[in-house]
Amino acid sequence: AADRSGGPRVRKSGMDHEAMSSEERTVSTRCGTGDKEWTMVYAGAGKGSETIENVQTPPEKRDVFSVSDDDVITLGKWCVAIEQHYGKPMDIEWAKDGKTGRLYIVQARPETVHAGSSARAVVRTFKITSKGPKLASGIALGEKIAFGKARLLRSPKEAHLLQEGEVLVTDITNPDWDPIMKRAAAIVTNKGGRTSHAAIVARELGTVAVVGCGDATDKIHDGDMVTVSCAEGKTGFIYAGKAEWEVREKDITHLKMPHTAPMLILGDPSLAFQQSFLPNRGVGLLRMEFLITHHIQIHPLALTRFEQIGDRDIRNEIGHLTRHYRDKKDYFVDKLAQGVATIAAAFHPHDVIVRMSDFKSNEYANLIGGRQFEPHEENPMLGFRGASRYYSPKYRDGFALECKAMKRVREEMGFSNVKLMIPFCRTVEEGKRVVDTMKEFGLERGKDGLEIYMMVEIPSNVLLAEQFAEVFDGFSIGSNDLTQLTLGLDRDSALVSELFSEKNAAVMQLISTAIRAAKKKKTRIGLCGQAPSDMPEFAQFLVSEGIDSISFNADALLKGIENMTAAESAAK
């Protein structure tokens, strides 16, 4: 259980639903029907001594909920009461009478698997001791090593070929690959740099990855047993066969927390519970794109303008996914709210800063039903993305669904620790239009403590930071886009990846200017990115400039904290 001071009490449990309770409200934040392939029933005549048997569940029963929200909330309250009575984590079993619908607690015993585990926190480092021939090399993500069977895939349509624990080898990835990447022991791509899609997702998942290899799909054959090493510096290697390596552990149980707030970058609700116990002060960047890609899958306009879709297959696919909802728009709102609420519950009462959707048009097009509603752009990275979409008639009703979901999380579910953030806002006037649009959709800046932040990722955001501070409550520096736009390079191109560096004098000067402008306007400012964990001197620079927070992926958090603490000590 986690009872953190102030606001709703958040119950963390292993149930399918996470229940949140307070004096004002009790809500269920997550639900799903599950497969329910088998049903246990009393055995019929002729079964001998057997009293029960498993039979296949009829289709009409597989596709309904087994318990209601009220059931879940009741069970959640009972579990809290039982743990409070015994004063320790409990493993609790329950049953529901199939005829009367009554709930019963049938057993409660001390939980031993998680509660009995060591309270030590450790950092693991990897070192190669022997290795086979080098097959390919590229940019290393993380510092770990993985071994497995190589599986070469040409497109996400071949997802069924990748088995759990295999090494994904492909040309390049986009959000369509996300569900596949979660199954991979390691990821290897021909294209992409340190801030490419594959790199960002691999960091968030904590998966070993080597990107920008150039010739990995030529040098590595399908079915090869390979070792992927990111433990040898900035260059990652793929070796033939199984290498030998050693793992060393460093105890950080008594890690000193820095004054500058360390926060997490997160998008996957399934990781929220686990990562909330890392040393942190909240989520500095919750990527909405992950939730839309994995939990929703459908383009929002395909739901708001469903009648415009002519493709029968797409209509059927959308109909199947939204079959539990009378109004298809509610499917989007409900799924998005559930995902955000799950993360907000895990980290309560710390801030969870949710970035509104920041797909590029080509990425939106890959959602179900998306191609009909998205323009073809030669350079989507600099096109119809971010703030410009939100008030445009071409996406406005899609943004309305995002806002409705966030309003539900804050007002109905009670997670006032959720703050919202606008990406890629090019001008001050555009910022004002977005804030006004959000107000139309029920999200009024300042009402019930709602704060709206802005990503600082365009040079104009820095040059006019004081004016932007009149429109927004806080800033978060997106070092990936800010670096590529300052240096005029494509962050996904391996050809110029060696030029991409947040330590470039021009980039650092812009970051310094942004921080000082925020301080002058008494506006909070943080940074999201890998550089402060990779480069101690960059962390020292940010700390010396007085930044309020730095957000890391989970695999880089502890190293980032060490760098921040060292920087603060050096500044004394």
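Residues in the sequence shown are numbered consecutively from -1, following my numbering. C-beta: ideal position from N, C-alpha, C; glycine also. Values in this document were obtained by computation on a predicted structure and should not be read as measured data.
Do you know how far the Cα of lysine 445 is from the Cα of tyrosine 451? 15 Å
For glutamate 574 and leucine 73, I'd like the C-alpha separation in whole angstroms. Here the chain comprises residues numbered -1 to 570, so residue 574 is not present and cannot be evaluated.
ask   = Short check: CB of alanine 214 to CB of alanine 184, under 7 Å?
value = no
**Q.** Proximity below 7 Å, CB of glutamate 455 to CB of aspartate 471
**A.** no
Can the beta-carbon of phenylalanine 371 be found closer than 7 Å to that of histidine 297?
In terms of Cβ geometry, phenylalanine 371 and histidine 297 form a close pair [threshold 7 Å].
Grab the span of the alpha helix (DSSP H) containing aspartate 67 for me, first residue to last.
67 to 84
- Query: If you draw a straight line from the C-alpha of methionine 453 to the C-alpha of glutamate 305, how long is it?
  - Reply: Their Cα atoms are separated by approximately 35 Å.
Going by alpha carbons, who is nearest to serine 458 out of Thr481, Gly447 and Ala241?
Of the listed residues, the one whose Cα sits closest to serine 458 is Thr481.
Contact defined as beta carbons within less than 8 Å: I believe alanine 238 pairs with glycine 130. What is the distance between those atoms, to the nearest angstrom?
4 Å between Cβ atoms; contact.
Q) Any chance the segment 241 to 248 sits against the segment 123 to 138, with 3 or more Cβ pairs inside 8 Å? A) yes
Q) Across which residues does DSSP place lysine 94 in a beta bridge pair? A) Leu101
Next item on the list: Could you pull out every unbroken alpha helix (DSSP H) segment of at least 4 residues lying fully inside the segment 435 to 520, listed in chain order?
Entry: Taking only runs of at least 4 residues, the alpha helix (DSSP H) segments lying wholly in the segment 435 to 520 are 457 to 461, 463 to 466, 477 to 485 and 503 to 518.
Please determine if the segment 533 to 543 and the segment 195 to 210 are in contact, where contact requires at least 3 C-beta pairs separated by less than 8 Å. no
**Asked** According to DSSP, is glutamate 376 helix, strand or coil?
**Response** coil
* Between which two residues does the beta strand (DSSP E) harbouring glutamine 273 extend? -> Note, glutamine 273: premise wrong, no beta strand (DSSP E); alpha helix (DSSP H) at 270 to 273.
**OP:** Find out if the Cβ-Cβ distance for the pair glycine 265, arginine 279 is shorter than 7 Å.
**Re:** no
Spatially closest choice to arginine 408 from Gly337, Glu560, Ser547 and Asn172, by CA coordinates = Residue Gly337 is the option with its Cα nearest to arginine 408.
>> Please report the straight-line C-alpha distance between aspartate 349 and threonine 98, rounded to a whole angstrom.
In response: 42 Å
*What are the partner residues of aspartate 89, as DSSP defines its beta bridges?*
Arg107
inquiry  = For glutamate 21, which residues in the same chain have their Cβ closer than 7 Å to its Cβ, ignoring the five residues on either side in sequence?
reply    = Note on glutamate 21: pLDDT 41, under 50, position unreliable in the model; the coordinate value appears next. Excluding sequence neighbours, glutamate 21 sits near nothing in its chain.
query: Nearest to alanine 363 by alpha carbon, out of Ala403, Pro373 and Glu141?
result: Pro373
### Message
For a test of the three-state rule: what should DSSP assign to arginine 152, helix, strand or coil?
### Response
coil
- Could you tell me how far apart the beta carbons of asparagine 334 and glutamate 400 are, in whole angstroms, since I believe they sit closer than 8 Å? Rather than asparagine, the amino acid found at residue 334 in this sequence is leucine. Confirmed, Cβ separation roughly 7 Å.
Exercise. Between lysine 142 and alanine 229, which are expected to be in contact by the criterion C-beta below 8 Å, what is the C-beta distance as a whole number of angstroms?
Worked result: 7 Å
For glycine 337, three-class secondary structure by DSSP = helix
Aspartate 249 - containing beta strand (DSSP E), residue span: Note, aspartate 249: beta strand (DSSP E), 242 to 249.
Please name the residue in Glu566, Ile545 and Lys189 whose C-alpha comes closest to that of serine 474. Comparing Cα-Cα distances from serine 474 to each of Glu566, Ile545 and Lys189, the minimum goes to Ile545.
Take every Cβ of the segment 551 to 558, pair it with every Cβ of the segment 501 to 510, and state whether three or more of those distances are shorter than 8 Å. no
**Prompt:** On the three-state DSSP scale, how would you describe glutamine 538?
**Reply:** helix
Exercise. Taking just the CA atoms, how far does serine 547 sit from isoleucine 71?
Worked result: 35 Å
Review point. What is the DSSP secondary structure of alanine 182, reduced to helix, strand or coil?
Key: coil
inquiry  = Is tyrosine 362 near the ligand NAP - that is, is its Cβ less than 6 Å away from at least one heavy atom of it?
reply    = Ligands in the displayed structure: none, and consequently the ligand NAP is not present.
- request: Tell me whether arginine 522 sits in a helix, a strand or coil according to DSSP, three-state version.
  value: strand
Looking at the secondary structure, which residues open and close the alpha helix (DSSP H) in which alanine 157 lies? In the DSSP assignment, alanine 157 falls outside any alpha helix (DSSP H), carrying neither H nor E.
So, under 8 Å CB-CB, isoleucine 137 and glycine 234 are touching, yes? Tell me the CB distance rounded to an integer number of Å. 6 Å
For this session: Answer yes if the segment 419 to 433 comes into contact with the segment 378 to 388, meaning at least three C-beta pairs across the two stretches below 8 Å, and no otherwise.
Result: yes
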